[in-house]
Structures are given as C-alpha cells and as structure tokens.
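The next block holds one structure in the form of structure tokens; read it before the comments.
Numbering (my numbering), first residue to last: -15 to 288.
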C-alpha cells in the first residue's frame, strides 16, 4: 500500500549500509535535497530500488574501484523531457545513481530491464535486480532513464511523481479516522514540505493548527502562551533542538500538556539514560498517516 513517504531517510539508510559494507576502493558521494517533497510510496520497495541500483553500480567497478554518486532533487518534466519514458509531464523527485565503471554497450542497453538479462559473469548476478527495480518504479507511477558510455560509466535517473495535497489527503486509512474537536495543536517540523502536509492533515481532522519550522521559535511561542495549546506534535530530528529536548522544556513550563513525537527511528519510550523520553506522551512512526495521527491524538487527549 502506498503512503505519503519521505524518501530522504530511506536513501540515508541505504548509503549508511553501503559505506560500511563496500570496499574502500569505492567512493560514495551524495547530494540530497531535504525539502523536495513527498511521494506516495512503499518504503521497503523504494529501499530495494536504491539498493539494487547502487549494487549494480558497484559491480560495474568491482575490479577497478571507482565512484558512486547518489543525488535527489525535485524536477519539472515537460513533454520534451519524456522521450522514451512512459510518464506524464509534471513534478517529480529525481533519484540519480551514477558510476564511472565500465559502462553498458549500446547494443544491449535496451535489454537491461528484461528479467534474467545480465552482462555479469556466471554466479555474479541473477539478472533480476534492474528488472525488479524497474517494476517497482512503474508501480509507483514513475520511470527510469538510463544513459551509458562504454568505458566512462552509467547514470540511472529514477523519476517518481511528487505527491500532491489531494492524493495525500484522500488517503484511505485501513481503520477508522477519529476526528478532532477543534483542539489547538502546536506543530513543529524543520522541513517546510512535511510541515505543510501534516498541517493539512490536522486541519482535515478538525484541529486548529499553529505551525513552526524552527524548534527554538516554537519553544518561545509556547513560553509566551502556554495555555493556548491543547497538544504539541514535533519531529524528533531537528537542527536547533531535538524533539525529546523540546518535550522536556515544554513539560517544565506546563506539565499536563501531551507531547507527541514523530520519528523514523524506533526509540523506546523509556530509553536508559534519556530522561527526556519520559516527557513524551506518544510516538508516531513515520510515514505519518491520517489514521496514525487521528488515533494517537485521541489517545493522548482523552488520556486513554
């Protein structure tokens, strides 16, 4: 099932694994735009796409060593850009994986996404990696463009459609959506695109929302008007002050206010050595969905 997804943490996880497992002869360079929007996606499948493309790049330079470049950006594709691709003009996230390996011959480049096709030596690959990646990308409404020069290297560009507000807000939850009762939410996330989507979700659920993309600003606002809000929702990983520390400071001002933290990492509520976690009323694991948001809010507000 496709859900609103931030692709950046998935890329970071794959690159962390590759850096620890590939030989030192392979250099990995990345340029990731953190504010390029969300896709409607499946995190496990997108993980597999990135892993398959990077593994393919590694095999192209296994004997010689080389460089893998991984970039993520937001692009607007026009009809002129779509030659050979089966997607419509519009806004896309472009995930680019490039290597300076041996490249792919022109005679076989049109076959590389065919199942079981491989240019690798026997026992070096199944020929399914690129085929699986291509199938996943197509199922996400995207496409893959490949450019290669023998002896120079290969560049794969994966295009995934940016999730519009309509597709995110019309997401059908597996369970019941529990509406709000006009309670006032202080919402904090350093990524403007995520902040906007979560604000729209909360407003659709029936909450009043005050949104801030800086934890220090949010803290100052709460300090001046601590009784204005019924609940605080914050991201965990932010540059100025992390979500757990923000929760601790807020609770010292007003101990009865519930604080919900959104995180992509499996924190334990009472993690040893971290007193701040006791100040957190609930965690929401990313990606944040309407169902998770609505149920978690009712749970903490109703003190269930």
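No residue lacks a Cβ here, since even glycine has one placed at the ideal position from N, Cα and C.
Check	Outcome
DSSP state of residue 44, grouped into three classes?	coil
Per the contact definition of three or more C-beta pairs closer than 8 Å, is the region 42 to 60 in contact with the region 72 to 84?	yes
Between residue 215 and residue 281, how many whole angstroms is the CB-CB distance? I'm expecting something under 8 Å.	7 Å
Rounded to whole angstroms, what's the CA-CA distance from residue 111 to residue 229? Just pull it up for me.	Annotation note: pLDDT 47 at residue 111 (below 50); position unreliable, coordinate value reported separately. Rounded to whole angstroms, residue 111 to residue 229 spans 48 Å at the Cα level.
For the beta strand (DSSP E) that contains residue 193, what are its first and last residues?	192 to 196
Measure from the alpha carbon of residue 113 to the alpha carbon of each residue in 182, 60, 187, 31, then state which is nearest.	31
Quick check on this structure: which residue in 6, 86, 127, 266 has the alpha carbon closest to the alpha carbon of residue 285?	266
Taking the alpha carbon of residue 134 as the point to measure from, which residue in 86, 217, 270 has its own alpha carbon closest?	86
Using DSSP with H/G/I as helix, E/B as strand and the rest coil, what is residue 283?	helix
Looking at the secondary structure, which residues open and close the beta strand (DSSP E) in which residue 116 lies?	Note, residue 116: premise wrong, no beta strand (DSSP E); alpha helix (DSSP H) at 113 to 123.
With distances taken Cα to Cα, identify the nearest neighbour of residue 46 among 194, 205, 236, 5.	5
Could you tell me the alpha carbon to alpha carbon distance between residue 131 and residue 204, rounded to whole angstroms?	51 Å
Could you check what DSSP says for residue 69 in three-state terms: helix, strand or coil?	coil
Where does residue 290 land, buried or exposed, given buried means 16+ other C-beta within 10 angstroms?	What the structure shows of the chain is the stretch from -15 to 288, and residue 290 is not part of that stretch, so it cannot be assessed.
Which residues share a DSSP beta bridge with residue 140?	81, 130
Tell me whether the region 10 to 24 and the region 171 to 184 touch, counting them as touching only if at least three CB pairs, one residue from each stretch, are closer than 8 Å.	yes
Residue 181 to residue 48, Cα distance in whole Å?	45 Å
Where does residue 227 fall in DSSP's three states?	helix
If I follow the unbroken beta strand (DSSP E) through residue 245, where does it start and stop?	243 to 247
Where does residue 92 fall in DSSP's three states?	coil
Tell me whether residue 126 is buried or exposed, calling it buried when 16 or more other Cβ atoms sit within 10 Å of its Cβ.	buried
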